[in-house]
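To start, the structure under review is shown below, and the notes come after it.
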Amino acid sequence: MTDPIILSQALIRCPSVTPDDAGALGVLEDALKPLGFVCHRLRFEAPNTDPVENLYARLGDSGPNFCFAGHTDVVPVGEASGWRHDPFAADIDGGMLWGRGASDMKCAIAAFVAGLQRYIEKNGKPQGSISLLITGDEEGIAINGTVKVLSWLKERGEKLDHCIVGEPTAVAKTGDMIKIGRRGSMNFRVAVRGTQGHAAYPKRSLNPIPIMADLIARICAWRLDEGSEHFEPSTLAFTTVDVGNPTVNVTPAEIRAGFNIRFNDLHTPDSLMRRIEEIAAEVKATHGGEIGIANSVSGVSFVTKPGPFIGLLEQAITHVTGTKTELSTTGGTSDARFIKDFCPVAELGLPGVTMHKTDECAALTDIESLTRIYETVLELYFAQ
Ligand SMILES: [Zn+2]
5 MTDPIILSQA LIRCPSVTPD DAGALGVLED ALKPLGFVCH RLRFEAPNTD PVENLYARLG
65 DSGPNFCFAG HTDVVPVGEA SGWRHDPFAA DIDGGMLWGR GASDMKCAIA AFVAGLQRYI
125 EKNGKPQGSI SLLITGDEEG IAINGTVKVL SWLKERGEKL DHCIVGEPTA VAKTGDMIKI
185 GRRGSMNFRV AVRGTQGHAA YPKRSLNPIP IMADLIARIC AWRLDEGSEH FEPSTLAFTT
245 VDVGNPTVNV TPAEIRAGFN IRFNDLHTPD SLMRRIEEIA AEVKATHGGE IGIANSVSGV
305 SFVTKPGPFI GLLEQAITHV TGTKTELSTT GGTSDARFIK DFCPVAELGL PGVTMHKTDE
365 CAALTDIESL TRIYETVLEL YFAQ
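Quick note: the sequence shown uses the numbering used here, first residue 5, plus one each step.
Structure follows, in structure tokens:
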């Protein structure tokens, strides 16, 4: 039987910092093939990007196809000397497994495999299929990973019916929180253009700095919303303001700034852009100058509304932990933003307190309860 702790250690010992696979997917294949999974290694690349290894593994040919999704790539170690344990040694100390990727999200992938194996041992092969969609490009630019595996599946006519992403969603203890949706994320770049001039004669030029100051003040004063049924209020944050003027006697011709909006289901990228353009038009009408705005969308907001699928996850968690889970839509983006276009998806994983940090770790008890939750999810799902 696959021990989720030992498989976690084997995965952590592969230093798979995006886009390197470092053998991680091979470790998974070795665990899945003896169980009867058909494994497809999918290598994708795009101009000016590093090639990325991905894995799609499936047991069974019929529907429904229950999918576990995740990533074996990890973020860099950062300051290596700051770690109490070698980040790729996977030491066990004080009831914790230490290493880069422990929380985000190699131990959850090990729990997928151990959980489904326990299910199969007890119940035999399911009436339907179990699949794993594992990418090596989640922490990076995410263009050679899940997106391309999903379109590969679509071309083959292969369908996912429901999906759990094993991202770290818990707060203190596995199962205390799951994510049923995510906010969208959108980045804006604004440039205000005036005319360059002598600092002693401000009336002879159009200084773009006070115009940008007014624009920033008006954008920051915009209350996007008060939140919605499943979401907290949307937020907006300026990330940079740049003039780069080394002189003291010249006022510049141009100033640039950038901000990010995390938005709920009350907005779309179009509606946000329209509002920003309206504010810019007001500022231009007041001061003059030229205001240019560009945006890029990292993901739109989505929610898998509470219903039979989410209910099944809640039931499995209560069965294993004895507690009720909180349904949340907070946090950053994940690959669930791509999967949601194919099937209902929710995220259920380990506590995320140490993800991306020095001394990333996972409690052995959390890995075991996550394994039991995944096993119970399969039991409830295929009993339907
Ligand atoms: Zn992750």
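We treat Cβ as the ideally placed atom computed from N, Cα and C, and that holds for glycine.
1) With the cut-off set at 8 Å, would you say residue 270 and residue 229 are in Cβ contact?
2) In its own chain, which residues sit with a C-beta less than 7 Å from the C-beta of residue 173, not counting the 5 before and 5 after it?
3) Is the distance from the Cβ of residue 187 to the Cβ of residue 338 below 8 Å?
4) Which residues are close to ligand 1, meaning CB closer than 6 Å to any heavy atom, in chain order?
5) Between residue 58 and residue 151, is the Cβ-Cβ spacing less than 8 Å?
6) What does the Cβ neighbour count give for residue 281, buried or exposed, with the cut at 16 atoms within 10 Å?
7) Taking residue 15 and residue 113 to be in contact with their CB atoms under 8 Å, please state how far apart those CB atoms are, rounded to whole angstroms.
8) In the DSSP assignment, what are the bridge partners of residue 75?
9) Have a look at residue 18 and residue 293 and give me their C-alpha separation to the nearest angstrom.
10) Is the region 260 to 280 touching the region 136 to 152 in the sense that three or more CB pairs, one from each, lie closer than 8 Å?
11) Answer yes or no: do residue 261 and residue 242 have a C-beta to C-beta separation smaller than 8 Å?
12) With distances taken Cα to Cα, identify the nearest neighbour of residue 111 among 295, 373, 380, 246.
13) Helix, strand or coil for residue 337 per DSSP?
14) Verify whether the separation of the beta carbon atoms of residue 140 and residue 149 is less than 8 Å.
15) Excluding the 5 residues preceding and the 5 following residue 291 in the sequence, name in chain order all residues of the same chain whose CB lies nearer than 6 Å to its CB.
16) Kindly examine ligand 2 and report whether one of its heavy atoms sits closer than 7 Å to the Cβ of residue 200.
17) Is the beta carbon of residue 121 less than 8 Å from the beta carbon of residue 39?
18) Out of 74, 31, 27, which one is the CA nearest neighbour of residue 109?
Looking at the atomic coordinates:
1) yes
2) 181, 182, 183, 351, 352, 353, 356
3) no
4) The chain-ordered list of residues whose CB is nearer than 6 Å to some heavy atom of ligand 1 reads 75, 108, 109, 142, 171.
5) no
6) exposed
7) 6 Å
8) 139
9) Distance between residue 18 and residue 293, taken at the CA atoms: about 54 Å.
10) No: the two stretches stay apart, fewer than three of their Cβ pairs being nearer than 8 Å.
11) yes
12) 373
13) coil
14) The answer is yes: Cβ separation under 8 Å.
15) Within its own chain, the residues whose Cβ lies closer than 6 Å to the Cβ of residue 291, once the five positions on either side in sequence are excluded, are 215, listed in chain order.
16) Questions concerning ligand 2 fall outside what the structure shown contains, since the ligands it does hold are ligand 1.
17) yes
18) Minimum Cα-Cα distance from residue 109 among the listed residues 74, 31, 27 corresponds to 74.
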